[in-house]
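Here's the structure we're looking at; comments come further down.
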Amino acid sequence: MGEPLTDTDGADAPSMANTSLLRELPTTQRGLRTRAALVAAAREVFERRGYLDTRLIDITQTANCSSGTFYTYFASKEEIFAAVLEVAQKDMMHPGMPHVPEDDDPAAIVEASNRAYFEAYQRNAKLMALLEQVAGIDSEFAELRQRRADAFIQRNARSIADLQRRGLADPGLDPLLASRALSGMVSRLAFGHFVTMAGDDAAVSMDELTFTATRLWVNALRIPVKS
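Going by my numbering, 1323 is the number at position 44 of the sequence shown; the sequence numbering is gapless.
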């Protein structure tokens, strides 16, 4: 399932971006537009060439600006990558279960969350592939990424524990271990489907993908399904 961490959990999800690298935003509308254009160009180039093979000249050519303009807003490739992440993560979800109100159907919420997660993953598939690459070569980024994932896993565990207290989930499961297992299952399923097997003619539909992930999640937790 996928759902952004919200203030109802007591805290926002940690950022994947190394925000210590980022300088203050421009104070003019023109400056904001130029910076945004550079960030959009950088994402396009990173996704096309990969992190290691991306050069600053590739970004400036794509943004149709000079290197001087680039250095007005960013000091390095590392800094503009952090800016790309800061913007992109707003549309990136994480497998998980939001809080289920007393009068809602847990299985239906699981299904809706899974679909939202898969749709967001599909929109950001090239970026997700890039993040896998960067995590393998940058230990600091890998740690930031894991901290963000852990925040969602902890939230999911709280939701599972709440369902257990209400008699709506298997009380024999450890909520945190169950959350880790199920979150990992869905995220790797998404990576395999949208990244590893991208373009495969035999790929299943969004409906089939959502149904399978939901059935496995609901069955694993023994969540009752309303007829």
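Backbone N, C-alpha and C fix where the C-beta goes; we use that ideal spot for every residue, glycine too.
Residue i versus residue j - alpha carbon distance
i: Glu-1323; j: Thr-1306; result: 25 Å
i: Arg-1394; j: Glu-1358; result: 33 Å
i: Phe-1431; j: Asp-1486; result: 24 Å
i: Ala-1469; j: Ala-1492; result: 10 Å
i: Asn-1498; j: Arg-1444; result: 18 Å
i: Ala-1319; j: Arg-1309; result: 15 Å
i: Thr-1340; j: Met-1476; result: As written in the sequence, residue 1340 is Gln, which differs from the Thr given in the question. Distance between the alpha carbons of Gln-1340 and Met-1476 is about 31 Å.
i: Gly-1415; j: Gly-1329; result: 12 Å
i: Lys-1505; j: Leu-1335; result: 55 Å
i: Thr-1348; j: Leu-1452; result: 55 Å
i: Met-1464; j: Gln-1425; result: 16 Å
Distance CB(residue i)-CB(residue j) smaller than 9 Å
i: Met-1407; j: Val-1474; result: yes
i: Arg-1314; j: Leu-1304; result: yes
i: Ile-1338; j: Ala-1362; result: no
i: Arg-1427; j: Pro-1454; result: no
i: Pro-1503; j: Leu-1447; result: yes
i: Arg-1302; j: Ala-1342; result: no
i: Leu-1495; j: Leu-1442; result: no
i: Met-1295; j: Gln-1412; result: no
i: Leu-1456; j: Glu-1326; result: no
Residue i, enclosing alpha helix (DSSP H) - first and last residue
i: Gly-1310; result: 1308-1328
i: Val-1366; result: 1356-1367
i: Gly-1566; result: This structure gives no information on residue 1566, because the portion of the chain shown stretches from 1280 to 1506.
i: Ser-1294; result: Ser-1294 -> no alpha helix (DSSP H), and no H or E assigned at all.
i: Thr-1341; result: 1335-1342
i: Asp-1388; result: For the record, residue 1388 in the displayed sequence is Ile; it is not Asp. Per DSSP, Ile-1388 belongs to the alpha helix (DSSP H) from 1385-1402.
i: Leu-1423; result: 1418-1444
i: Leu-1495; result: 1485-1500
i: Ser-1346; result: 1346-1352
8 Å CB neighbourhood of residue i in its chain, flanking five on each side removed
i: Thr-1489; result: Glu-1390, Asn-1393, Arg-1394 and Phe-1397
Own chain partners of residue i with C-beta closer than 7 Å, once the 5 adjacent residues on each side are dropped
i: His-1472; result: Ala-1482 and Leu-1488
Cβ-based burial, residue i [other Cβ within 10 Å; buried from 16]
i: Ile-1439; result: buried
i: Glu-1403; result: The amino acid occupying residue 1403 in the given sequence is Asn; Glu does not appear at that position. It is buried - the Cβ of Asn-1403 has at least 16 other Cβ atoms within 10 Å.
i: Leu-1311; result: exposed
i: Pro-1385; result: buried
i: Ser-1466; result: buried
i: Leu-1331; result: exposed
i: Ala-1345; result: As written in the sequence, residue 1345 is Ser, which differs from the Ala given in the question. When all chains shown are included, Ser-1345 counts as exposed.
i: Ser-1418; result: exposed
i: Tyr-1400; result: buried
i: Ser-1484; result: exposed
Close beta carbons around residue i, own chain, < 6 Å, minus the five adjacent residues each side
i: Asp-1288; result: Interpretation of Asp-1288 is limited by its pLDDT of 42, a score under 50 that renders its predicted location unreliable; no figure is taken from the coordinates.
i: Asn-1297; result: Ala-1361
i: Ala-1421; result: Ala-1414
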